[in-house]
Structures are given as C-alpha cells and as structure tokens.
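Visitor: Here's a structure for you.
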Amino acid sequence: MKKNFLTLLAFITLFTVLNADQYDNIKVPENKSDRVAWLKYNDALDRLAHMSKASALSDRRAGTHNGNRVRTLFYNYGSIGRPHTEPSMEWPIGSGRGYAFEFGVIAGARITTYGGKSDIVVSDGLTVGGVTYSNSGYENNHGDWQPLPGFHDPFQASIAMSDAGDDDRDTKPDSWPTSWYDPAFSDYMWPGEYGQGITTADQESYYVMDDFYVKSHNTYWPQQGWSDSLRDDEFYPAFPIDTVRGGLGLRVESRGYQWTATRAQNVIFFVYELENVGTDTLNNMYFGMYGDPHIGGEMDYSDDDAYFDTYIDIVYGWDDDAVGDPVFGTTIPGFFGYKFLESPGEPRDGIDNDDDGMIDESMQDGIDNDGDWRPFSDWNLNGEWDPGEPVNDDLGTDGVGPDDPQYVGPDANGSEANGFPDAGEPNFDEKDLDEADQIGLTGFIVEPYSNFTSTEDVYYNRLTAPIDTAAFQQNSDNIFMYSSGPIKMAPNDVRRFSIAMLFGYNSNAATGVDLWQNPHNVRDLYATAEIMQEIYDAGYRFVKPPNKPRLTAIPGDGKVTLYWDEGAEHSRDPLYGKDFEGYAIYRATDFGFNESLVITDTYGSPYLWKPIAKFDLDNYRSGPHPA
Numbered sequence: 117m118k119k120n121f122l123t124l125l126a127f128i129t130l131f132t133v134l135n136a137d138q139y140d141n142i143k144v145p146e147n148k149s150d151r152v153a154w155l156k157y158n159d160a161l162d163r164l165a166h167m168s169k170a171s172a173l174s175d176r177r178a179g180t181h182n183g184n185r186v187r188t189l190f191y192n193y194g195s196i197g198r199p200h201t202e203p204s205m206e207w208p209i210g211s212g213r214g215y216a217f218e219f220g221v222i223a224g225a226r227i228t229t230y231g232g233k234s235d236i237v238v239s240d241g242l243t244v245g246g247v248t249y250s251n252s253g254y255e256n257n258h259g260d261w262q263p264l265p266g267f268h269d270p271f272q273a274s275i276a277m278s279d280a281g282d283d284d285r286d287t288k289p290d291s292w293p294t295s296w297y298d299p300a301f302s303d304y305m306w307p308g309e310y311g312q313g314i315t316t317a318d319q320e321s322y323y324v325m326d327d328f329y330v331k332s333h334n335t336y337w338p339q340q341g342w343s344d345s346l347r348d349d350e351f352y353p354a355f356p357i358d359t360v361r362g363g364l365g366l367r368v369e370s371r372g373y374q375w376t377a378t379r380a381q382n383v384i385f386f387v388y389e390l391e392n393v394g395t396d397t398l399n400n401m402y403f404g405m406y407g408d409p410h411i412g413g414e415m416d417y418s419d420d421d422a423y424f425d426t427y428i429d430i431v432y433g434w435d436d437d438a439v440g441d442p443v444f445g446t447t448i449p450g451f452f453g454y455k456f457l458e459s460p461g462e463p464r465d466g467i468d469n470d471d472d473g474m475i476d477e478s479m480q481d482g483i484d485n486d487g488d489w490r491p492f493s494d495w496n497l498n499g500e501w502d503p504g505e506p507v508n509d510d511l512g513t514d515g516v517g518p519d520d521p522q523y524v525g526p527d528a529n530g531s532e533a534n535g536f537p538d539a540g541e542p543n544f545d546e547k548d549l550d551e552a553d554q555i556g557l558t559g560f561i562v563e564p565y566s567n568f569t570s571t572e573d574v575y576y577n578r579l580t581a582p583i584d585t586a587a588f589q590q591n592s593d594n595i596f597m598y599s600s601g602p603i604k605m606a607p608n609d610v611r612r613f614s615i616a617m618l619f620g621y622n623s624n625a626a627t628g629v630d631l632w633q634n635p636h637n638v639r640d641l642y643a644t645a646e647i648m649q650e651i652y653d654a655g656y657r658f659v660k661p662p663n664k665p666r667l668t669a670i671p672g673d674g675k676v677t678l679y680w681d682e683g684a685e686h687s688r689d690p691l692y693g694k695d696f697e698g699y700a701i702y703r704a705t706d707f708g709f710n711e712s713l714v715i716t717d718t719y720g721s722p723y724l725w726k727p728i729a730k731f732d733l734d735n736y737r738s739g740p741h742p743a
C-alpha cells in the first residue's frame, strides 16, 4: 500500500512540474499593440487551464456583467477584464469602447516565519505582470488566487450569475451548482448576501477563491521535493495543522452587483469579503487593486492621466487629449474610475477611523453598534409577533420574511420575530455596513506599465506607499494601484473590501493633466459617485424596476405584434413594495439601445431612453413625481 502511495505521489509531482514548465514557455507579448499576439497568449492560458486540474486551474471561469450600461468580462480568480479581449470595462454596452486591459485584487501582509524572521507575502489575481513567486514554478504568475470548486456548475463555462437561464431545462439555472438546492424551499436558491434567494440587485455574480497556491515561502511543494523539517524562512498560514497550504491563509467571497435603474446605470459594484482561515495573526495587512486602464480604446493607451479624491475615496483617469482610437470615432472618451465604498475596518486600534462617532465598531462582535436594528412591531402589545404586524429587521437567520416571495414560514431555529438581533438579519453585524471602522483610501500610485512580474517586496511597497502626486506618471501608458491599510487580521477575522467601477461623461471635452482642478469638468463622474454612496449607505438596497415580463414578438406584414405576461405587475420593489406604474416600449437597432438614449440631463449628458409607446396604469396617478 505504501509503495502505491509513493508511486501516485511521484505521478502527481511530475504532472505539476510539467504544468509549471508549460506555463514558463508562455511568454507575455512585448508589444502592447500586437493584438494577435495577445489573443494567442490568452488562448494558450485558457487551453492549459482547461487541462490542469492538479493546479486548480480547471475551476477557473469567466463571467460577463451586462446588467446595465456597463459591460465587462470578469474572472473567478479576482481579475476584471483581460488584455485585448472585449468587452473589458466597456461603456456604453454594445459600443465596443473598452476602458481598461485588466484590474486585479491584491492582498499583502508582513508575516513571521518559522524561524522568527519578518517577511512579506503578497497574493494577486493578474494574468500579466503581477507578483513573481520564487517557489511557485510559474514564471507568468499563475500561483496566485485560485477559485474554489462548488460555487459554479462544473459542466458550464460561466461564473454563477443570479439571472442565469435554464437552457438545458433541468429546472436549475445553468451556471449554478446542484448544491444550491434548498429542501426548505423546494427550489434552487441564490445565496444572497441578505438572505436565501434574495437578489439585492438586478444582476449579481458570486464566486469564492483563496490563495492556497502561493507557495513563495513553502519548501513542502512537489516541484521542490520533500522536506522533513521546517526551515527558518518558511511560513505556513495554517501551521501546524496544515503544512501544505500557502499564501496568507485568505479565503475570499466575491459578489458583483448591477442595477438597471437610471441613476445607477453607469456602475458595477464588487464586494470582496476576506476571511483569515489560517492560525496566524496577520499584521500590517493591506488590500488593494492593481489595474491597467486604456481610456480612449485598446489602441489608445499611451496618453492617460489620473487623479484621486480622498474625501470621497475615489481614483479615476481620463484621456489627455480627449481623442480616442477609431472605435471611439468622434465620441469623446469619458472618465473611468474606482470608488472605495467600503474599505477594511480596524476594530482594535482605539481610533474612530471613519469619523462616524463610533470607536472600534465591528461587524463580528455580536453587538448592534449603531443601534439601528428594529425588532418586530408589537401593535397589540401581547409580547409576540402576530400575522399582519411588520417583522421589520427581525427576519431570522435566513434573512427571509413574510413579505418576500420565497417565504415558506418562520425559521426552524426560532430566530424570526424573537425580539432579538440574530446573525443574518439586516442592520446587525455582518449585514450592517455601518458597523465597520473603515480606514479609507490610504494609497494610490500612477506608474508606467510593465509586462514584467515584480517581487513581493516591490508590490508590498506599492500597497503601503503614501499618495505622492509628484511621482504620478501622467499623459502616458500608466497603471493604477490603490490600497487601504494597515489592519490586523486574527484567525477567523473577516474584513470587507467593496469597490465600485464607475464611468462619467467628459461633457466639456476637457483636456490636460490639470483637468481635475475644475469641478465642472468632472461633475458627471462625481454625481455618479454620490449615487453609489447612496446605494451603499442603504446597504445595497436600491430601487429596482419591476421584473421584466416574458415578451413574445410576432412578425407580420410591415408590423411586429408584441405580447407579454403580467409578471411585472406583481413584482415588489425592495424599498417601495408593489410600485408598478405601467409599461414603456423602446426600439433600437443596437443591443445596447444607445441610439434611443437621447434624453439628456441638465448638462447635456445622455440620461434617459426615449420610448416609442407608453401605457400608464389607470390608478389616478399620472405625470412626473411631485418632488
């Protein structure tokens, strides 16, 4: 039996080494404009990922967020967009106007090795550049974040999406795993952030990844052979329980949100919830994102500018001469940016980091720090909930109450309407975004692009560096790197890192590196940022249009007849309940309906679609809202 085990181990070792050698032979294109070379590079990575189960790469999946006017590819290893692959941060949808090559999540911390030495571990999710791992065996940076299995259908190519269809008609949304079937509801249930089956936005995505394969400080790794004793410079985040796991011991739950509502139509939200699943306390931890914008199109990347605003925690870029590549034509490139909606909280430093009047509040302390949780309304004062009385936040641990369409009854554990806050209920602990002592945007660098990997020390220095505008590389092919820290993460600690990717019109056709000094130039971008903050402050609960009805189009002689069901008329808005008011029909020849977006705001920026027909509900309400 022992002999068979050693033979199997040798096979696994050989297989992994072969994979590493194959990746070493895939070279990043030197010329950023060589689109054919980049397509071949991406294709080679995909082929090896499909074949490489030993390195967990076969669980890698792509998804497309297209729930409003922003469309982008994203990947379940922490990357948004891909070089010379569209749509990558495309705006508006269907236009072909991409705004960036790739953005990826980065985490770094100082650690103490087995021998008591101080060292650095950094995990990133980039396919180009990124961190050089001395012990991963992957020259092109494939020993970083990897997706965990069980959070998507292994026989489908997509990341799990909330609005996935059921093309194979097996009653399960195609991208969902079978494990999401919940016997309590007799249905497949979306693992909503605020309850089983609850979709907060019109379109959501969900995946989980970890940094197990970052073996930069492990000698127990098949490529390097066996090690019977630990060296002074080694680090295992789950030591002594697990001497195989690498990285920092981070498990990351990722969600994406898009709303179709007009005020949120130029934004995608991304939420990363990081948990320390190791046994080591991580000190001086920083979270951030590295990105390579190309504002003005994928062939117009050499004249980008960038700036920031720590007051609203936003970084953004623009095209220096306000002229894009041929895909943009005469259209003026807009602004492209990221806003920190929720930076990691630090609940142990005795400081009110976010100036909200609370010191060291936490989303894990079992306390309603800000006192906004509401028990059920006991209208008849009998001490218990009765049908017809509002449950308010007292929904129980599943987050589902009597007003939710998927409600099947009170929670079996008695947590619903018990008069006390429980984990999983709104406005309490992890479901209350105000209960985090956020430290905000602390770092932002703008440097020249490079396709070469860098050491962990270099990336950690980037994460920890203060903002120095004098060092910004402007009017060039630059990269962004923004960050937040430092914080401390003890074992089982959870920290959230929420960002929003946003776009805005350059209505003034402003140019130059000092464009940001005139607030009128960036007013559309800042207006969008205010809306994003409003959505965040409401706990990602925002107005939603009625559900889309099932539409059937019947072609005729010089006409098309439309039929639809009543699904929209019975849907509920998360804030206003049943607020259906009628139907509007729009027509366009492009799938993004950009040619119908002709109604502008007060500054002349496209804002609303012009319908060809409207049908108003006969309920004595008509015209614009009195506000």
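Using this note's numbering, read the sequence shown as starting at 117 and increasing by one per residue. Glycine residues also receive a C-beta, built at the ideal position from the N, C-alpha and C atoms. These numbers come from a predicted model, not from an experiment.
Just curious, the alpha helix (DSSP H) that GLN649 is in, first and last residue?
Guide: 639-653
Visitor: Compute the Euclidean distance between the alpha carbons of TRP434 and TYR304, then round it to the nearest angstrom.
Guide: 43 Å
Visitor: Report yes or no: do three or more beta-carbon pairs, one from the stretch 649-658 and one from the stretch 302-317, lie closer than 8 Å?
Guide: yes
Visitor: Does DSSP classify PHE217 as helix, strand or coil?
Guide: strand
Visitor: Using the Cα positions of TYR388 and SER614, report the straight-line distance between them to the nearest angstrom.
Guide: Cα-Cα distance, rounded: 6 Å.
Visitor: In whole angstroms, give me the CA-to-CA distance for ILE647 and TYR598.
Guide: 21 Å
Visitor: Using DSSP with H/G/I as helix, E/B as strand and the rest coil, what is LEU579?
Guide: Here LEU579 sits in helix by DSSP.
Visitor: If ARG367 sits next to GLU391, beta carbons under 8 Å apart, how far is it from one beta carbon to the other, in whole angstroms?
Guide: 5 Å
Visitor: Residues in its own chain within less than 6 Å of GLU546 by CB, not counting five upstream and five downstream?
Guide: MET479
Visitor: How long is the line joining the alpha carbons of PHE568 and ASP436, rounded to whole angstroms?
Guide: 26 Å
Visitor: Starting from the C-beta of GLY512, find all residues in its chain whose C-beta is less than 6 Å away, skip the five residues before and the five after it, and write them out in chain order.
Guide: Excluding positions up to five away in sequence, the list reads ASP527, SER531, GLU532.
Visitor: Let me confirm a value: LEU733 is counted as buried when at least 16 other C-beta atoms fall within 10 Å, else exposed. Which label applies?
Guide: exposed
Visitor: Look up LEU107 in the DSSP assignment and give the residues it is bridged to.
Guide: Because residue 107 is not part of the residues shown, which for the chain are 117 to 743, the question remains open.
Visitor: Note down the Cα distance separating TYR402 from GLN312, rounded to an integer number of angstroms.
Guide: 31 Å
Visitor: Quick check: the Cα distance between GLY365 and ASP279, rounded to an integer number of angstroms?
Guide: Straight-line Cα distance between these residues: approximately 32 Å.
Visitor: To the nearest angstrom, how far is it from the Cα of ARG185 to the Cα of ALA616?
Guide: 14 Å
Visitor: Are PRO449 and GLY461 touching if we call contact CB-CB under 8 Å?
Guide: no
Visitor: Cutting at 8 Å between CB atoms, please list the residues of its own chain near LEU130, excluding the five before and the five after it.
Guide: Low confidence applies to LEU130: its pLDDT is 35, below 50, so where it sits in the model is not reliable, and the reading given next is rough at best. Hits under 8 Å: none found.
Visitor: Grouping DSSP H, G and I as helix and E and B as strand, with all else coil, what is TYR322?
Guide: strand
Visitor: What number of angstroms, rounded off, separates the C-alpha of ILE227 from the C-alpha of VAL237?
Guide: 7 Å
Visitor: Could you check whether the Cβ of THR316 sits closer than 8 Å to any Cβ belonging to chain C?
Guide: Given the protein chain composition of this structure (a single chain), no chain C is represented.
Visitor: Could you check where the beta strand (DSSP E) with SER687 kicks off and where it finishes?
Guide: Where SER687 is concerned, there is no enclosing beta strand (DSSP E), given that its DSSP letter is neither H nor E.
Visitor: Tell me the DSSP bridge mates of GLU458?
Guide: SER614
Visitor: Whole-angstrom Cβ separation of TYR432 and PHE452, contact assumed at under 8 Å?
Guide: 7 Å
Visitor: Anyone know if the C-beta pair for ASP486 and GLU551 falls short of 8 Å?
Guide: yes
Visitor: So, for PRO518: in the same chain, excluding its five sequence neighbours on each side, which residues have a beta-carbon less than 8 Å away from its beta-carbon?
Guide: The beta carbon of PRO518 sits closer than 8 Å to those of PRO503, VAL507, all from its chain and outside the five residues before and after it, given in chain order.
Visitor: For a test of the three-state rule: what should DSSP assign to LEU733, helix, strand or coil?
Guide: coil
Visitor: If we ignore side chains and look at the alpha-carbon of each, how far apart do GLY197 and HIS410 end up?
Guide: In this structure, the straight-line span from the alpha carbon of GLY197 to that of HIS410 is close to 12 Å.
Visitor: Quick one: what's got a C-beta closer than 7 Å to ASP108's C-beta in the same chain, skipping five residues either side?
Guide: Nothing in the structure corresponds to residue 108, since the chain is present only between 117 and 743.
Visitor: Contact defined as beta carbons within less than 8 Å: I believe ASP640 pairs with TYR652. What is the distance between those atoms, to the nearest angstrom?
Guide: In fact, because the Cβ distance is near 19 Å, the residues do not count as touching under 8 Å.
Visitor: Please work out which residues of its chain come closer than 7 Å, Cβ to Cβ, to VAL524, disregarding the five sequence neighbours upstream and downstream, and give them in chain order.
Guide: Within the same chain, VAL524 has close Cβ partners ALA300, PHE301.
Visitor: Does DSSP put LYS675 in a helix, a strand or coil?
Guide: strand
Visitor: Sort ASP260, GLY708, PRO727 by Cα distance to ILE715 and report the nearest one.
Guide: PRO727
Visitor: How many Å lie between ARG737 and ALA684 at the Cα?
Guide: Cα-Cα distance, rounded: 18 Å.
Visitor: Rounded to whole angstroms, what is the Cα-Cα separation between PRO607 and SER295?
Guide: 27 Å
Visitor: Alpha carbon to alpha carbon, what distance is there between THR243 and THR571?
Guide: 15 Å
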